[in-house]
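Notes follow the structure.
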Amino acid sequence: MDEEGIFYEMYEGGYNLYLSKLNKDKGWYLGIKKSGVPKPGPRTKRGQKAVQFLPRAPRPPT
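At position 56 of the sequence shown (counting the first as 1) the number is 56 in UniProt numbering, and the numbers step up by one without a gap.
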């Protein structure tokens, strides 16, 4: 991929969503189950809790 990253970052409904650049036509999102295990791309959809991430301000280095 390029230096821009491998995901498109979107802000929707108070959450950050990350859509795969490689599989954007398939609608695959970055998803993490509540157990902490990554969710397979084909099983993700917009609006699922597993693909919604709360935005956080970066912490300054200590």
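Backbone N, C-alpha and C define an ideal beta-carbon position, used for all residues, glycine too.
{"Item": "Would you call the CB atoms of V51 and G31 closer than 9 Å?", "Value": "yes"}
{"Item": "Within a Cβ cutoff of 7 Å, which residues of the same chain sit near P58, ignoring the five residues on either side of it in sequence?", "Value": "none"}
{"Item": "Helix, strand or coil for P42 per DSSP?", "Value": "helix"}
{"Item": "Give a yes or no on whether the C-beta atoms belonging to Y8 and K21 are separated by under 9 Å.", "Value": "yes"}
{"Item": "Alpha carbon to alpha carbon, how far is G41 from P61?", "Value": "32 Å"}
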